[in-house]
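Numbering follows the numbering used here, in which position 475 of the sequence shown is assigned residue number 640; successive positions increment by one, without gaps.
All C-beta atoms, glycine included, are put in the ideal place defined by N, C-alpha and C.
To start, the structure under review is shown below, and the notes come after it.
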Amino acid sequence: RCRSNLELTHLPELARERLAYFVNTMDMLSKRCKLGKEIPHLADCHAGAVPTLSVLIPCYAEEIILTRSYLLASDGVSTNLAFIITEYRGEWELLAEKHGMSTNALLHEYYTKELKPSLQDEVELWASYRSQTVVRTVRGAANYLKALDVLYGEGASHKLSQLIIAHQTYGSRNKANPKAAERRDTHVEWMLKEYCGQYPVFLVFDFDRGTARKEMAEMVDSFLIRQRGRGRRFSQQPEAWEDISMVNSLSYCTCYARWSEEKMGMEILHVIPRVFPLRLGKKAKTQGKAANQRSCLHFTTGAVLQMLDSNMGAFIGESFKVPYVTRRIQPFRGPDRYDRRVVRNRIVGFREFIFTQQHGAVGNAMATSEWVFGTIFQRTLGDLDVRMHYGHPDFFDAFWALNRGSVSKASPILNVSEDMFAGLNLLSRGEKSRHSDMLEYEKGREAAFTSAGTFLVKISQGAVSMLRTREFHVIYSRMPFHLQLSFFYASSGWSFNTAALQLGMNMYLYCFFWLALGSLSVNDLGVLKSALGAEWVINMGFITMAPQIVELTLEYGPVRGVIKWAQSSLATLLFFSFHNRTVSHTILTSVGKNEADYAATGRPNPNVHFSFKRLYLIYWHSHYNLAQRLILFYAMYRILSAEIVDEGSLPIIFLVACITSWLVAPVVFNPQPRWGNLKANAVEFLDFIVTVPQQSAVRLGQKLSEDTLYETGLRDLIQESSRGRWNVRLLELVPQVLFAWLLAGSYPSIILDCELLLVFTGIMHVILTILWELSGRSNMLLLFILMLWALVPLFGLLVLPASHSYLAMYLLVFFLFFKTVCALRNTLLLVAQAVVVPVGKAPRAWWRRLGRIEVQNVEHADAKFVEWLYFRSMTYHLRVFTAGLILLVDMTVHLVLTLLELLGGLHTMFLLNSQLGTGLLQQIVACASRPVKHKKDDDIVL
């Protein structure tokens, strides 16, 4: 036996890490583990003991191979190709060296289209293999086919495996972008052609005669006619296809095809006719991914099933360990060790390596979260017998999955997180799911700040919809209490725990506000020995870091493990301080509306810049709205403590830090802080704030736009006024009225001295509003109305007696006044909804008798009434002041980041990568780019 040392230090970090994990796990597999019964010897996995495996890759509109137009697209600073090069600088140097060129020359000739077509295609494939594309996933899955031929001889892959690309839109027309559809089909055929003959790679696609291309319809019709009288397995009633008219009557079917070297084109192998389209329903159609998975399961032949998303992959070394891991579905020892009818586990999961962790701070934060969940958490859940399926590349017992309705469910209302229902199905039937640490596949995650938030919105809405399912009720009713706790946190518990923490933080601040209003100080709380009398420095958030630090120490050693944790802790802390609010807002909103919608994330590059206006539109409901309320409560608490109680107050550091993160994180994680961006963003956002339509924004048959703050806020209020039934909204109104009443009853009598001043200001506000509308919505008069409320404190100093607590008095009375106006506004909206415009499944009889034109007129009148309240209830005014504050914060943070960028690209080093921060990108662009005009070319010659 030959032993030799393998030196890894001279290799790139990614290769070094992958090889180190491979060698360590192979060393464990080659020994008899002392834990014995659960881990077999590697030699047990001979060809006769390896279960056959079917790998399925469902696709819809994901990018297959990156196009030239995409790679040359610029974000204002660099092209997408240049950004990818900075992420994989060493590998780009190897590609250039392979062709005898310098790195800058290779990039320059690609820019100017001076490369040979074959080399140009190779550059595009090089970039695609390092992005979240379908071709990367297919190459990773094909590595297992190569490993089988190496382990068990040439041709073993055809006997022991099957790779199916289930592309939902292959062969369909795209009227909006026909070149994109043609390019998609070309890329799919290139992948099949690449592995044709050598490995068993097939294609499953959905055929819809109404949207299919003409040549695709002819190919399907030709196949059906040829099957007449042959009685093929998947040809339903072949004797029925007597003539072409019967063939043309087939509207929907699922086709199983491959690339044929003889025909030099696609060859259909089987067809399953269908009566209905792939996605059922009209308005609320079934989940496309779940339907696509169910459709391609008909053609699987393996004993083990694996579903891969289009953002996954596999290092070829890991493919050699797949036969070992799939053996965990069957018994390892005893008389049944080779009996494939005996099943030990229905699902076997394993680790994931998040390859987008080097795509900047956001990618690293998402990778850290996914690594903790997919490694530490999954291992623990497997030992507790509550592990399920979470969309990871798990191995399924194929016979069980085919006979239990697929690996996911497709209801658009309940099954928002469609993959979770394979695990729920498993637990409800008393089956087992296990986790293995001996295998690790690649997976990509969101690397952009906004798309990461959208992903968290999706899983949070899925957590809410999951609670309403039959499976959840069945599992809970049969589980003992201690397993119910583990199962809840393994399914929806984390999301609801985050929402509970957010509510607790709000209540914590409200508690101190009421204590200060009752003239109780921190000293009084200290005398009572209350825990509220001291600042909370250590909280549960720090304790949850312990498992991650321990796991990093075990895998990388104490020094390197702590360093890796420290490098990512700051960005991760800021990232999740912000997006935990995203989760809590989504949970509370979905529970309140009693509905959840699927959110398509998309996975753009992290170097995409968002304007201030766009960030405001994205995060107003979830972050900025609550932030301005908490800031107001915090300001009143500090002023009350300083001017009325005057015995000290708590700074509530963590609450202030959390609110600050909600305001600054979108700009901190926004790339490219430049002087030009600052000016353009500020002008656009300011124009968005101050612009008001010269006439009513509500028009019959037209939707409100997002061009101005006025229209955006009005649209939100109209949606709020029409949401849910009137009796449900009545329950929401009661706490608002009680809060205003309790607030008024808690105020000292001296504070009510400001009441007359606010009443007088309110009367002036109504009069000026009428004049504003009569004058054709004059901008100058609007500015005066907005400034009126800001100048009220100055008027109060002249009218009311001087007092050191006047500012606190004014804030408290204004807060009470505004809450009263909001309660009155919501009451009027509720009356309008209950009397005029019924909403829900049981409209009033007179509403059903109205025609379509009359219904539109009633809805238009209701929207006009909402607009009338929108301006007079000061809803618009508050949004203007809040938007102005957000603009000021955004500009300040952007200015600081711009200065850091001038000091050597420090912000880019933090957000994207150190290569960009040290000026590598500028060198690449300066040496490789020239002012050369080229045509937009979406086609790739393959």
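Legend entry - Length of the line joining the Cα atoms of L1052 and V748: 24 Å
Legend entry - Between the CA atoms of I519 and T1073 - distance to the nearest angstrom: 21 Å
Legend entry - Supposed close pair R459, K450 - CB separation, criterion 8 Å: Actually they do not touch by this definition, with Cβ atoms about 14 Å apart.
Inset, instruction - Quick one: residues in its chain with C-beta nearer than 8 Å to the C-beta of C676, no 5 flanking neighbours on either side, listed in chain order? - result: L697
Legend entry - Cut-off 6 Å between Cβ atoms - residues of its own chain near I540, not counting five sequence neighbours on either side: First, the residue type needs correcting, since residue 540 is Thr and not Ile in the sequence shown. Cβ-Cβ distances below 6 Å link T540 to R516 in the same chain, with the five nearest sequence neighbours on each side left out; the list follows chain order.
Legend entry - Expected contact under 8 Å - CB spacing of V513 and Q495 to nearest Å: That belief does not hold up - the Cβ atoms of V513 and Q495 are roughly 10 Å apart, past 8 Å.
Inset, instruction - Would you kindly report the start and end of the unbroken alpha helix (DSSP H) that includes P712? - result: First-last of the alpha helix (DSSP H) with P712: A711 to Y721.
Legend entry - G478 - partner residues in DSSP beta bridges: Answer is E607, bridged to G478.
Inset, instruction - May I ask you to verify whether the segment 850 to 862 touches the segment 934 to 951, counting CB pairs closer than 8 Å and requiring at least 3? - result: yes
Legend entry - D386 - containing alpha helix (DSSP H), residue span: K379 to R391
Inset, instruction - Starting from D548, follow the beta strand (DSSP E) in both directions and report where the run begins and ends. - result: No beta strand (DSSP E) holds D548; the alpha helix (DSSP H) holding it covers Q543 to D548.
Inset, instruction - Excluding the 5 residues preceding and the 5 following L173 in the sequence, name in chain order all residues of the same chain whose CB lies nearer than 7 Å to its CB. - result: Correct list, in chain order: R181, L184 and A185.
Legend entry - Assigned secondary structure, E938 (DSSP; H/G/I helix, E/B strand, else coil): helix
Inset, instruction - Could you please give me the residues that DSSP links to M472 through a beta bridge? - result: L221
Legend entry - Coil, strand or helix - Y421 by DSSP: strand
Inset, instruction - Would you be able to state if there are at least three C-beta pairs under 8 Å between the segment 537 to 554 and the segment 422 to 442? - result: no
Legend entry - Per DSSP, cross-strand counterpart(s) of M431: W424
Legend entry - Between the CA atoms of L735 and P723 - distance to the nearest angstrom: 19 Å
Legend entry - Assigned secondary structure, F560 (DSSP; H/G/I helix, E/B strand, else coil): strand
Legend entry - Simplified DSSP assignment, three categories, for C198: Below a pLDDT of 50, predicted positions are generally treated as unreliable, and C198, at 49, falls in that range; the measurement from the model is reported next regardless. Correct three-state label for C198: coil.
Legend entry - Nonlocal neighbours in the same chain, by C-beta distance under 7 Å from A306, ignoring five residues either side: V220, I222, L328, L473 and A479
Inset, instruction - Kindly give me the distance between the Cβ atoms of N772 and F248, rounded to whole angstroms, as I take these residues to be in contact under 8 Å. - result: 5 Å
Legend entry - Cβ-based neighbour list, L994, same chain, cut-off 6 Å, excluding 5 preceding and 5 following: S886
Inset, instruction - Please list, in chain order, all residues of the same chain as L200 whose beta carbon is under 6 Å from its beta carbon, the five residues on each side excluded. - result: Any reading at L200 is ruled out, since the residue's pLDDT is 44, under 50, leaving its predicted position unreliable.
Legend entry - Own chain partners of T926 with C-beta closer than 6 Å, once the 5 adjacent residues on each side are dropped: V957
Inset, instruction - Quick one: which unbroken beta strand (DSSP E) runs of 3-plus residues sit fully inside the segment 618 to 699? Chain order, please. - result: none
Legend entry - A331 in three-state terms, based on DSSP: Three-state DSSP puts A331 in a strand.
Inset, instruction - Pull up the distance between the alpha-carbon of G767 and that of P712, whole angstroms please. - result: 31 Å
Inset, instruction - Using alpha carbons as the reference points, say which of L271, Y276, G255 and L218 lies closest to A238. - result: Of the candidates L271, Y276, G255 and L218, Y276 places its Cα closest to the Cα of A238.
Legend entry - Cβ shell of W679 (< 6 Å), same chain only, five flanking positions each side left out: Around W679: no qualifying Cβ.
Inset, instruction - For the segment 754 to 763 and the segment 280 to 300, state whether three or more C-beta atom pairs, one from each stretch, are separated by less than 8 Å. - result: no
Inset, instruction - With a threshold of 8 Å, establish whether the CB of L176 neighbours any heavy atom of the ligand SAH. - result: Looking at this structure, you won't find the ligand SAH or any other ligand, since it has none at all.
Legend entry - Under 9 Å between C-beta atoms of V440 and C420: Here V440 is not near C420, since their CB atoms are 9 Å or more apart.
Inset, instruction - Would you mind working out which of T737, V978 and R391 sits nearest A526, comparing C-alpha positions? - result: Residue T737 is the option with its Cα nearest to A526.
Legend entry - Spatial distance of L1162 from G841 (CA atoms): Any answer about residue 1162 is impossible in this case: the structure gives the chain only from 166 up to 1107.
Legend entry - Distance between I796 and K694 (C-alpha atoms, nearest Å): 28 Å
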